[in-house]
Structure formats: C-alpha cells, structure tokens
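A.B. asks: One structure follows; several queries about it will come next.
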Amino acid sequence: MRYQRALLPTLKEAPSDATSASHVLLLRAGYARRVGAGIYSYLPLGLKVLRNIERIIREELGRAGAEEVLLPALLPSDYFKETGRWELFGDNLLRLKDRKGSDYHLGPTHEEIITDLARRELKSYRDLPKNLYQIQTKFRDEPRPRGGLLRCREFIMKDAYSFDVSEERARESYEKMRVAYTRIFDRLGLDYRMVRADSGAMGGSGSAEFQVLAQSGEDLLAACRQCDYAANLEVASAPAPTPPGPEAPSVPAPEKVLTPKQKTIGEVAAFLGVAERALLKSLVYRADQQLVMVVVRGDHEVNEVKLARALGASELALAAPGDVVRATGAAPGFAGPVGYAGKIVIDRDAAALSDAICGANEADHHLRHVQLGRDFQAELAELRSVKEGDACPSCGAPLGVFRGIEAGHIFLLGTHYSSKMGASFLDEQGQMQPMVMGCYGIGVSRLIATTVEQFNDADGILWPMSIAPYQVHLVQLGAEPEVVEAVARLEAELEALGVEVLVDDREERPGVKFKDADLLGMPLRLTLGKRGLEQGVVELKPRRERDPKRVTLLPLAEAAGRLAEQVRAGG
RNA sequence: CGGGGCGUAGCGCAGUUUGGUAGCGCGCACGGUUCGGGUCCGUGAGGUCGCCAGUUCGAAUCUGGCCGCCCCGACCA
0 MRYQRALLPT
10 LKEAPSDATS
20 ASHVLLLRAG
30 YARRVGAGIY
40 SYLPLGLKVL
50 RNIERIIREE
60 LGRAGAEEVL
70 LPALLPSDYF
80 KETGRWELFG
90 DNLLRLKDRK
100 GSDYHLGPTH
110 EEIITDLARR
120 ELKSYRDLPK
130 NLYQIQTKFR
140 DEPRPRGGLL
150 RCREFIMKDA
160 YSFDVSEERA
170 RESYEKMRVA
180 YTRIFDRLGL
190 DYRMVRADSG
200 AMGGSGSAEF
210 QVLAQSGEDL
220 LAACRQCDYA
230 ANLEVASAPA
240 PTPPGPEAPS
250 VPAPEKVLTP
260 KQKTIGEVAA
270 FLGVAERALL
280 KSLVYRADQQ
290 LVMVVVRGDH
300 EVNEVKLARA
310 LGASELALAA
320 PGDVVRATGA
330 APGFAGPVGY
340 AGKIVIDRDA
350 AALSDAICGA
360 NEADHHLRHV
370 QLGRDFQAEL
380 AELRSVKEGD
390 ACPSCGAPLG
400 VFRGIEAGHI
410 FLLGTHYSSK
420 MGASFLDEQG
430 QMQPMVMGCY
440 GIGVSRLIAT
450 TVEQFNDADG
460 ILWPMSIAPY
470 QVHLVQLGAE
480 PEVVEAVARL
490 EAELEALGVE
500 VLVDDREERP
510 GVKFKDADLL
520 GMPLRLTLGK
530 RGLEQGVVEL
540 KPRRERDPKR
550 VTLLPLAEAA
560 GRLAEQVRAG
570 G
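Numbered by numbering that gives the first Met the number 0, the letters in the first sequence go through residues 0 to 570 in order.
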C-alpha cells in the first residue's frame, strides 16, 4: 500500500478526551475515530488489525472443530423473555420498538438465539457434539464506556457455544476450547494468564478468563510465581489462617478508648500505635435488603464476590451512611461487632485475632481487647481478597497480584439455557435429555486496544508480527528516479513473497516519516534512500529494537527473501 | 446512577473573573527554503463560540433549562 493513497490521518497531538495509552495511540496513529460515547469507526489500519485477529481465531477454532455461523444482531424480545434475561439485563440492553410497537433489542450475547437454533435442528445424540461460533458486532448499553476501544457499547466479539450429550462430554468440549484459546493468545503474541474466574449468574461448574497483563487493566489477578496457579482476585483462595496456639495468653476485658476523629483503619492504627492487622475492619452491607455487618482484619479487603456467595445474596452493596448510623449508632468509621444487634459475618483471618481492636459503635471511640466468642458472635466464612505475598493455595509459594484486561472468557454452562428453553435430544435409550452447553467469548475489538496497552512506548505502537496491519513499513527517502524505482522493486519482491508492505512515498522530510513509522508501529521498518542505494544496502530496523541493521540489497530477490524470512520468524 | 471536569476552526488550547471587532500553536492550501528524527520564512482558507430561551443598546462572556463528552466508583468481552 502506498502511503499517499491510504487514509492514514495521524495526529501530532492527542485528542483531549483520550487518556489510556491505547486510546491515545489508536487515535493518533489513525486506526480509529470516535463517533459517540463507546462507539468507534475502524479506519483502514484498524480494520486490518481486526481482520488479522479474526483470521487467527478462525484458524484455531476451525482446528478445534468449531463451525462458523452468523446470527442476527437485531433480535425480537421473545427469546430473552423466555429465559428472563429481558428483565435481568436491565438497562444494559439496548431496546427498540418496530413500527408495529413490538419489542426488539440489539444482541448483547447470543445464548438464547443459538439455543433456539439447537433445539430446532439438533434432535438426536447422533447430532452431537456441536460447536458453533460467530464473529459479530454486539451491543451493550454500558453504564460507562471507557478507554476508547477497551470498553465500548458497540463492539466486536467472537462467541462460541458448545452442545454435548453429557456433563463429561461438555467438559471435553470445554477443554478443546481452552486449548484453542491458549493457541490463539499465544499466536497474538500477548503476555496473558488463564485464570480461574467467577462463573457468576451464569451458574455452571467451570469458568476461566484469559487476562492480558497490563498496568492499565481493570481486573486484579493473583498468580503464583512458582506454579501455574492463577485466579481472578474475585475468586482467588486466601490461605487458611494459622489457628491461635492453645497457650494463647488470656485476654483482658474489653476497654473503651478515645479515638477522636480517627475513622480509617490507617488513622486508628497510627493513633493507637499498633499494626493495621491488629484491628478489625467492620463494614455494613446491604444484602438483598437485609443489613449485615462484615468483619475482616484491618489490613484485608472485603471480597464482594465471596461475600455474596457466603450470604447467598444476589444483590450486594455497601450500606448508605445513614443506614450505618441507624444500625450501629455511630458513623461508619466507628462501627464494630461488639453489641451489634444484627447479623455478623467474620472472615477467617479476622476470627483468628484473639485480642483485637474494633469500633465501639460510638462516635470517636474504639474498643481494645476484643475477642470473638467471648465479646461477640459471628458466622465464619472466607470473605477477604488475597493479597500480594499470600501463600499459593496449590504450592505455598508467595502469590503476586497483577493487573489484567479480560480478553476472553470460557464457561461451562451446564443445562441452564437448554432446560429453560427445552433444547433437548433423544439419547441412545430414546430418553429426552437436556443438552449440556458451554460458551466461549473473545473480545475481538477489545483485543486491538489490549495489544496496544501491552505493547507501546513513548513513540507509539509496537505491533506483534502476527496482527500488524503491515509487517513492513518501507520508508522512501528522497524522490530521485533510481530511489523511487528501487523502492518499487523491493515492494514488489516482498509482496510476491506474501509480505504486506506500507510504502511511505510522501514528499515529507525524513524526520516526519520516521516519527510516523514509530507511531504506526509496524514490526519492521526498512529505509531506502539515495545513500543506501549507492552502497547497495537497505536499512532494517525492528520496531522493538534500538539499533538499525544494514541488509545487502543485491541481488534483490535474495534480499527480499531474507527479509520475508525475518517476517515469518516473527521479527 | 452517585461524584468530579470539560464543550471556542480538523487537533491542542487562550479569551469568560470585569459583556463591546473571536485569537494562538499544529494541521490544511499556495510560494520559497530545507532534506536521515515532526526545517525555516511568507501568504491564505477555515469558526452556528454545544443547543434553546432570557437579561442587555450589545452575550463566547451574565441567568435558566437542555444536550454531548471525559475521568473516578457499582457492571463486563
């Protein structure tokens, strides 16, 4: 492709509303443009990256035995009403009415639609297993789109669904997809972790996320530095606390101490001259309309996924300050379990403290020498999040905590949708059985941004070879006829070998071209000008390396062959 | 939805406090200059000042309402 002909609007300055690295760079380098909040156009370069990601996905899913379909994005409400998700999805669903006033929506995900297809077309155990996928635009009215292409209201997703005769077979399908996903993310060149995840409202018995490591990630992951244990912090297991020794000294009676205006754990610990881990952190939650006091150790954080599970609650949120005052008699900073009348749950580590400090349920006061069992009663559960340095549940080595961006998620769904929608088959005994399903997503458009989040520097993007819009960025220096001709011949030779080349044939100064080349981020940059031509060399500079190399240009076919080889080797 | 911020030329911004001719840089067009890391000089085109209403002789500026966008939190690929 010739730069002069391409739509490649680079910007010197970042649009002011872009903040994340990928958002800034994808706009500056002319890959995408904003149309509305969370709605973007893909410009030619962006679309090429998208297509490259799609190609890898198609190849690997094909290898895994999945078949591609394309379901509609415009959906009559009947299907979601059938499973209750018409209500469940709430405001996240983009709803519309047709001219007759019938309810429609734009598809946020397609379990219902694919399950409808399955129940119509799959009747016998002989028809199973089936694994169907599509790559399609999805619509979710996100409460808060952010980060450019990272979280959009309209986005491109690969969603796959497996149908099997049994839980066991479904697990095999799931396993195949896990392998396929690993191959996909490997080929994308990303640093990622497959982590255990919350299966959430989907139910089901298994779930893993593919998290791409990035400082800007919204998710926190716990990963072992020794073994392959990795889990979303939402579900990572905290190690069981060491139980207090039998010869634990007896604890004096609780004593009220004055702690004026010391509200946070940090303030109270500093004020009393003790470690944060000697305190109990007491938070009041509203769980399905009921108030519950949740107690964790001062240096720990409440894990709301674990809490919701422990309480069997479907809705969970911190109680409003007013509710806290009504329930405890004091402002939020001074809540504590001693004398609290309502339900109390306590984390295992907090429970292991035999001589603790907690809020006194009275303004500006805390209690010391508090002991579970003697001074208050509470239900015991694992309620805290893992933190850096905690012991790995599978090998005991210290865990690290990382930030990641969720780029893929695989679920074992079980019969949640098939039983609701009557997607069943006749087994060998002629018995009607619900199909056992799995579902598997990859945020394709998100992956564009995710890759940039992971691979960028002060000058621009650094694409992995596998998805770069062009593998080679050929900078033409000067417009002498011999240079123009040499560039054209090198371009032709490379393209004949299957290498995609972007030729910067603009009448610009070299500095401008180099700046744009760095910004655009193709993995290999070739520079050819009069000087090099006279010496019979072309300069080669991998984007990820500091120093350029010289490649002998003659004979040209050989030079192109060596360069193409380097492209195939991944740069 | 709660909290914070922003809307002036394609992009980045000043001007708003104290109402009076709409400005700067980049980009764009033209001429010259330069030519291996965003060259320099000159000329020029380009603006419903987010929208509506109000106050006023006069509104980018003051008042009210609305809309849009971004960031931080509860959700998710």
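C-beta: ideal position from N, C-alpha, C; glycine also.
Just so we're clear, the structure is a prediction, and the values are computed from it rather than from any experiment.
Output the boundary residues of the beta strand (DSSP E) element that contains E208.
C.D. replies: Per DSSP, E208 belongs to the beta strand (DSSP E) from G205 to L212.
A.B. asks: State the beta-bridge partners of G440 as determined by DSSP.
C.D. replies: Answer is D158 and H408, bridged to G440.
A.B. asks: How would you call D389, buried or exposed, if buried means at least 16 neighbouring beta carbons within 10 angstroms?
C.D. replies: Its Cβ being crowded by 16 or more others within 10 Å, D389 is buried.
A.B. asks: Does the contact criterion of 3 or more C-beta pairs under 8 angstroms hold for the segment 103-114 versus the segment 50-58?
C.D. replies: Too few Cβ pairs lie closer than 8 angstroms, so no.
A.B. asks: Between A252 and the rest of its own chain, which residues show a CB-CB distance below 7 angstroms, the 5 nearest in sequence each way excluded?
C.D. replies: Taken in chain order, the residues that qualify are H368.
A.B. asks: Check each candidate in L87, S76, P331 and G321 and name the one with the smallest Cα separation from G100.
C.D. replies: Checked all of L87, S76, P331 and G321; the closest Cα to G100 is S76.
A.B. asks: Helix, strand or coil, according to DSSP, for A478 in the structure here?
C.D. replies: DSSP places A478 in coil when its eight states are reduced to three.
A.B. asks: For the beta strand (DSSP E) that contains F138, what are its first and last residues?
C.D. replies: It spans K129 to F138 - the beta strand (DSSP E) in which F138 sits, taken as one unbroken run.
A.B. asks: To the nearest angstrom, how far is the alpha carbon of A487 from that of R27?
C.D. replies: So the alpha carbons of these two residues sit roughly 28 angstroms apart.
A.B. asks: If you run the structure through DSSP and keep just helix, strand and coil, what is I466?
C.D. replies: Correct three-state label for I466: coil.
A.B. asks: Using a 10 Å radius around the Cβ and a threshold of 16 neighbouring Cβ atoms, would you call T18 buried or exposed?
C.D. replies: Per the 10 Å Cβ criterion, exposed.
A.B. asks: Excluding five sequence neighbours on each side, which residues of the same chain lie with their C-beta closer than 7 angstroms to the C-beta of P541?
C.D. replies: Excluding sequence neighbours, P541 sits near P522, L523 and G570.
A.B. asks: Between the alpha carbons of A573 and H109, how many angstroms are there, rounded?
C.D. replies: An answer regarding residue 573 cannot be provided, because it is not within the stretch 0 to 570 covered by the chain.
A.B. asks: Taking contact to mean 3 or more Cβ pairs, one atom from each stretch, closer than 8 angstroms, check whether the segment 274-289 and the segment 206-213 are in contact.
C.D. replies: No: fewer than three Cβ pairs fall under 8 angstroms.
A.B. asks: Which residue's Cα is closest to the Cα of I38: A467, R143, I56 and Y2?
C.D. replies: The shortest C-alpha separation from I38 is found at R143.
A.B. asks: Using the Cα positions of C357 and L219, report the straight-line distance between them to the nearest angstrom.
C.D. replies: Answer to the nearest angstrom: the Cα atoms are 28 angstroms apart.
A.B. asks: Can you give the Cα-Cα distance for G146 and Q428, rounded to whole angstroms?
C.D. replies: Answer to the nearest angstrom: the Cα atoms are 54 angstroms apart.
A.B. asks: Could you tell me which of G311, V283 and V304 sits nearest to G571, measuring between CA atoms?
C.D. replies: Nothing can be reported for residue 571: it is not among the residues displayed for the chain, which extend from 0 to 570.
A.B. asks: Look at the alpha carbon of M434 and the alpha carbon of S418, and state the distance between them as a whole number of angstroms.
C.D. replies: Approximately 8 angstroms between the Cα atoms of the pair.
A.B. asks: Given L95, which residues of its chain have a CB within under 6 angstroms of its CB, disregarding the five upstream and five downstream residues?
C.D. replies: Contacts found: Y103.
A.B. asks: Buried or exposed, going by whether 16 or more other CB atoms sit within 10 Å of the CB of Q430?
C.D. replies: Q430 comes out exposed.
A.B. asks: Which residues share a DSSP beta bridge with N231?
C.D. replies: The partner list for N231 (beta bridge, DSSP) reads L220.
A.B. asks: Within the continuous beta strand (DSSP E) that includes D102, where are the two ends?
C.D. replies: Taken as a continuous stretch (DSSP letters only), the beta strand (DSSP E) holding D102 covers D102 to L105.
A.B. asks: Taking the C-alpha atoms as reference points, what is the distance between D190 and I404?
C.D. replies: Taking the straight line joining both Cα atoms gives about 11 angstroms.
A.B. asks: Give the DSSP-derived three-state secondary structure of P320 in the structure shown.
C.D. replies: Looking at P320 - three-state DSSP - the assignment turns out to be helix.
A.B. asks: Under a Cβ-count criterion, where at least 16 other Cβ atoms within 10 Å of its own Cβ denotes burial, should P107 be classed as buried or exposed?
C.D. replies: P107 is buried by the Cβ-count criterion.
A.B. asks: Would A485 pass as a contact of L532 if the rule is Cβ separation under 7 angstroms?
C.D. replies: For A485 and L532, yes; Cβs fall inside 7 angstroms.
A.B. asks: Among R383, A316 and C438, which has the Cα closest to the Cα of V294?
C.D. replies: Selected option, being the one with the closest Cα: R383.
A.B. asks: Report yes if the CB atom of S578 is closer than 7 angstroms to the CB atom of S161, and no otherwise.
C.D. replies: No answer is possible for residue 578: it lies beyond the span of the chain, which begins at 0 and ends at 570.
A.B. asks: Once you ignore the five residues that flank A316 on each side, which residues in its own chain have a CB closer than 8 angstroms to its CB?
C.D. replies: Answer for A316: Y284 and R285, listed in chain order.
A.B. asks: Would you tell me roughly how many angstroms separate the C-alpha atoms of Y228 and P392, rounded to the nearest one?
C.D. replies: If you take the alpha carbons of Y228 and P392, they lie about 8 angstroms apart.
A.B. asks: So, with DSSP's three-state summary, where would you put M434?
C.D. replies: Three-state result, M434: coil.
A.B. asks: Go through its chain and collect everything with a Cβ distance to D374's Cβ below 7 angstroms, but skip five positions before and after it.
C.D. replies: Hits under 7 angstroms: P253 and V337.
A.B. asks: Does the segment 549-557 come close enough to the segment 486-506 to have 3 or more Cβ pairs within less than 8 angstroms?
C.D. replies: Taking 8 angstroms as the limit for Cβ pairs, the verdict is that the segment 486-506 does touch the segment 549-557.
A.B. asks: Inspect the beta-carbon positions of K280 and G297 and report whether they are closer than 7 angstroms.
C.D. replies: Yes.
A.B. asks: With respect to the beta strand (DSSP E) encompassing E564, which residues constitute its N-terminal and C-terminal limits?
C.D. replies: Element bounds for E564: not the beta strand (DSSP E) but the alpha helix (DSSP H), L555 to R567.
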